[in-house]
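Undergrad: Starting off with a structure, shown below.
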Amino acid sequence: MTTGQIITAAAGIISLPFVPAALAWIKPATALAVLVTAIMFIASLDTDLGRLAQKALDITLRRLPLIYLVSLALLATWAVGVSLALWQFSVADFSAGGWLALLFLALWPWFTLGTLLIALNRSCPKTGRWLVNPMIAIGSTVLCLLLLEALCQLAYGSIPSSITARMPQAGERIYRVNYDHPNGFRQYMPYLKITDYQGGSTGDMFFKSCLPPDAAQDAVYIVSYTRDEYGFRNPSPWPEKVHLVVLGDSFVYAGGIEKPFWQDIHPSTLGLGMDATSTLEQSRILETYGLPRSPQVIVLAYYEGNDMTGNWAFFFNGSARKGYERWYAEQPVRNFLVIYNMLSAFKDRFLVKGCHWPIIDSRGQKRAFLEEEISIFTVPYQALKQSQFYAITRDAITAMAGEARAGGAQFVLLYIPTKLHACWQSVQAQLEIISAHVVSWDLPATGNVVPRPDRPPRETAALLAQNIDAQRAVIAELAQEKNITFVDLTTLLQDAVANGTEPYFFGDSHWNQTGHDLVRQIMTDVLNDYSSERQAN
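Residue numbers (the numbering used here): 4 to 540.
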């Protein structure tokens with residue numbers, strides 16, 4: 004035990020100069036721990052000084068209340084160290100030295116307790132047994148949890164997706180995302196056969212909001228497909244030339260759908276959808292895979308829920324890898340632990356009370372929406388149009404349209420509304436309830452959005468009512484200014500919902516198969532009309 008204390012104390016001392024200023028509390032705590040360790044170490048030496056220290060310990064340890072007080076203080080120190088490491092800090096909060104110092108604080112009580120118990124057994128054997136047994140029980144429990152976590156990490160791929168989807172490492176370990184393409188975009192591992200359960204409580208609402216799993220309404224089904232040679236959802240091998248290229252995010256990749264909307268629009272179609280991408284990143288996919296195949300029509304699917312925020316992030320990160328690493332580093336340490344996420348899933352399943360989802364709309368339908376995709380609707384039209392935040396998206400769309408025309412292709416901008424926007428007519432009476440968990444935004448002319456969590460729900464609801472169509476109007480005006488063919492699905496999907504059709508999943512923010520079939524018909528008609536006009540001219 005003493006040797007272990009010496010090693011950890013040395014690590015703590017060496018690491019102190021490297022601890023970030025944000026973790027300054029570690030310095031006095033480590034110094035105090037080192038002092039106690041030094042006293043314990045001196046007491047273990049066979050010298051006059053050591054015997055004097057041991058005699059002092061013998062006298063102290065005979066006082067039973069003091070023994071328990073010391074033991075509780077040591078356990079409290081350990082609990083605080085571990086809790087701060089797992090719950091309060093993200094990976095980026097620590098330098099290497101900070102981790103060493105925190106590790107020292109986390110392990111030090113166990114070494115010191117061991118030394119304390121050895122001394123206690125010598126001085127007061129009966130009292131020692133009262134402390135030894137609880138310490139063995141606690142130590143065994145901790146060891147069991149550590150081993151269980153290690154086994155779960157080894158068997159990560161066999162854990163239900165409802166748990167792994169919450170974890171930062173899922174992108175690379177489960178979904179097999181490659182962030183290292185030379186052109187800076189992400190793509191999936193090629194030739195991978197995907198067979199996955201969808202529906203039920205697998206939707207993003209169940210781990211991105213408080214929606215409880217027992218509220219699930221979507222039927223459970225199995226989706227199966229094989230990725231092509233570049234990680235997309237096309238037949239292999241790719242042809243040298245194609246008629247139609249469709250770009251977009253998860254609405255185009257459609258990992259939870261058996262037949263995405265772009266399939267069967269034209270016999271010669273290439274779907275280049277990639278989850279979690281936005282216009283800027285998609286432009287690099289177009290340059291790498293789309294334009295070299297000389298398409299006659301290029302469709303860019305723009306999603307109003309997160310494309311503008313995604314473009315901002317990609318612009319300043321410069322590549323998918325840098326963006327992923329920054330996001331990864333900001334994750335709390337606890338999010339990487341399987342056991343923590345299992346307990347979190349259990350809590351969501353059985354212990355969540357008072358969730359505002361689902362709400363009941365004016366048609367008597369249960370609805371649930373992603374709060375993180377609603378914030379942008381609190382930004383007024385003028386603030387959005389005059390902002391640098393929008394300018395990045397504007398320039399990206401304009402550049403893609405120019406590249407398409409330079410290659411002889413018709414460029415079509417497909418505007419995809421959020422589920423809230425599609426259901427807007429039937430949920431306006433519930434805006435204050437919806438707004439209770441929505442963080443509204445202020446948007447300066449330069450710089451990123453400024454979250455306003457202090458804004459009351461009533462004010463947020465008023466902003467939503469005033470600005471729900473602001474982004475839609477800005478993008479429509481851009482298309483008109485640049486002579487871009489603009490297909491706005493908002494009114495079409497609102498009409499579908501009003502007529503009793505459900506184009507979106509209940510527990511997810513994406514279209515279900517009904518929605519994809521509806522959009523396929525719309526896009527087929529639009530592109531057939533374009534082909535007829537082109538032939539006539």
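Just so you know, even glycine gets a beta-carbon here, dropped at the ideal spot from N, CA and C. In this text the structure is predicted, and so the values were computed from the model without any measurement.
Using the Cα positions of Ala231 and Met192, report the straight-line distance between them to the nearest angstrom.
TA: Rather than Ala, the amino acid found at residue 231 in this sequence is Asp. For Asp231 and Met192, the distance between alpha carbons rounds to 9 Å.
Undergrad: Just mark Tyr541 as buried or exposed, buried being the case when its beta carbon has 16 or more other beta carbons within 10 Å.
TA: Past the boundaries of the shown model lies residue 541; the chain is included only from 4 to 540, so the question cannot be answered.
Undergrad: What span of residues does the alpha helix (DSSP H) with Gln469 cover, start to end?
TA: Unbroken alpha helix (DSSP H) run through Gln469: 460-470.
Undergrad: So Phe254 and Tyr194 are in contact, right, with Cβ under 8 Å, and what is the actual spacing, rounded?
TA: That pair is no contact at about 24 Å.
Undergrad: Alpha carbon to alpha carbon, what distance is there between Arg370 and Ala257?
TA: Cα-Cα distance, rounded: 21 Å.
Undergrad: Does DSSP classify Gln368 as helix, strand or coil?
TA: Of the three classes helix, strand and coil, the one that applies to Gln368 here is coil, per DSSP.
Undergrad: Measuring only the C-alpha atoms, how far is Arg397 from Ala304?
TA: Whole-angstrom Cα-Cα distance: 14 Å.
Undergrad: Measuring straight from C-alpha to C-alpha, what distance separates Gln172 and Asn237?
TA: Approximately 26 Å between the Cα atoms of the pair.
Undergrad: Taking DSSP as the reference, what is the three-state secondary structure of Asp445?
TA: Note: Asp445 maps to strand in three-state DSSP.
Undergrad: Measure the beta-carbon distance from Leu496 to Pro420 and round it to whole angstroms, keeping in mind my assumption that it falls under 8 Å.
TA: With 8 Å as the limit, Leu496 and Pro420 qualify as a contact, their Cβ atoms being about 6 Å apart.
Undergrad: Is the CB of Glu290 under 7 Å away from at least one CB in chain D?
TA: Here chain D cannot be found, since the structure has a single protein chain.
Undergrad: Taking only the alpha-carbon atoms, compute the straight-line gap between Leu394 and Lys325 and give it to the nearest angstrom.
TA: Looking at the sequence itself, residue 394 is Ala, so the reference to Leu does not match. Going from the Cα of Ala394 to the Cα of Lys325 covers about 22 Å.
Undergrad: Which runs of the alpha helix (DSSP H) spanning at least 4 residues fall entirely within the segment 327-409, listed in chain order?
TA: List check, alpha helix (DSSP H) in window: 341-353, 384-388, 391-409.
Undergrad: Excluding the 5 residues preceding and the 5 following Phe264 in the sequence, name in chain order all residues of the same chain whose CB lies nearer than 6 Å to its CB.
TA: Cβ within range, chain order: His519, Val522, Arg523.
Undergrad: Going by the beta-carbon positions, is the gap between Ala412 and Pro298 smaller than 7 Å?
TA: It is a contact, given that the beta carbons lie within the stated cut-off.
Undergrad: Taking all protein chains shown into account, do 16 or more other C-beta atoms lie within 10 angstroms of the C-beta of Leu373, making it buried, or fewer, making it exposed?
TA: So Leu373 counts as buried.
Undergrad: Count Cβ pairs between the segment 500-514 and the segment 196-216 that sit closer than 8 Å; are there 3 or more?
TA: Touching, yes.
Undergrad: Is it true that the CB of Asp252 sits closer than 7 Å to the CB of Thr280?
TA: Yes.
Undergrad: Using the beta-carbon count (16 or more within 10 Å), is Arg189 buried or exposed?
TA: That one is buried.
Undergrad: So is Ser365 buried or exposed if we call it buried at 16+ other beta carbons inside 10 Å?
TA: Label assigned to Ser365: exposed.
Undergrad: Do you know offhand how far Ala348's Cα is from Leu340's?
TA: One C-alpha to the other measures close to 12 Å.
Undergrad: Using three-state DSSP, classify Ile45 as helix, strand or coil.
TA: Three-state result, Ile45: helix.
Undergrad: Reducing DSSP to helix, strand and coil, say where Ala304 ends up.
TA: Looking at Ala304 - three-state DSSP - the assignment turns out to be strand.
Undergrad: Measure how close the beta-carbons of Trp241 and Leu273 come, nearest whole angstrom, since I'm counting them as under 8 Å.
TA: Trp241 to Leu273, Cβ: 7 Å. Contact.
Undergrad: If you follow the alpha helix (DSSP H) that Thr291 is part of, which residue opens it and which one closes it?
TA: Looking at the DSSP string, Thr291 is not in any alpha helix (DSSP H), and its letter there is neither H nor E.
Undergrad: Alpha carbon to alpha carbon, what distance is there between Leu275 and Ile288?
TA: Their Cα atoms are separated by approximately 7 Å.
Undergrad: How would you label Ala409, buried or exposed, when you count the other beta carbons within 10 angstroms and need 16 or more for buried?
TA: Flag for Ala409 reads exposed.
Undergrad: Could you tell me which uninterrupted beta strand (DSSP E) segments, each at least 3 residues in length, are contained entirely in the segment 183-263, listed from first to last along the chain?
TA: If we require 3 residues or more, the beta strand (DSSP E) runs fully inside the segment 183-263 come out as 196-201, 224-229, 247-251.
Undergrad: Since Leu247 and Ile260 are thought to touch, with beta carbons under 8 Å apart, how far apart are those beta carbons, to the nearest angstrom?
TA: The Cβ separation is near 18 Å, so there is no contact.
Undergrad: In three-state terms, what does DSSP make of Asp498?
TA: Looking at Asp498 - three-state DSSP - the assignment turns out to be helix.
Undergrad: Give me the Cβ distance between Arg455 and Val441, rounded to the nearest whole Å; I'm assuming they're in contact under 8 Å.
TA: Contact flag wrong, Cβ pair sits at about 10 Å.
Undergrad: Just grab the DSSP bridge partners of Ile419 for me.
TA: Tyr306.
Undergrad: Put Phe508 into one of helix, strand or coil per three-state DSSP.
TA: Note: Phe508 maps to coil in three-state DSSP.
Undergrad: I'd like the list of long-range same chain contacts for Ala407, defined as Cβ closer than 6 Å, with 5 residues on each side in sequence excluded.
TA: Once the five neighbours on either side are set aside, the close Cβ partners of Ala407 are Ile301, Phe414.
Undergrad: Relative to the alpha-carbon of Ser286, which residue among Ser271, Val249, Ile162, Leu467 has its alpha-carbon at the smallest distance?
TA: It is Val249.
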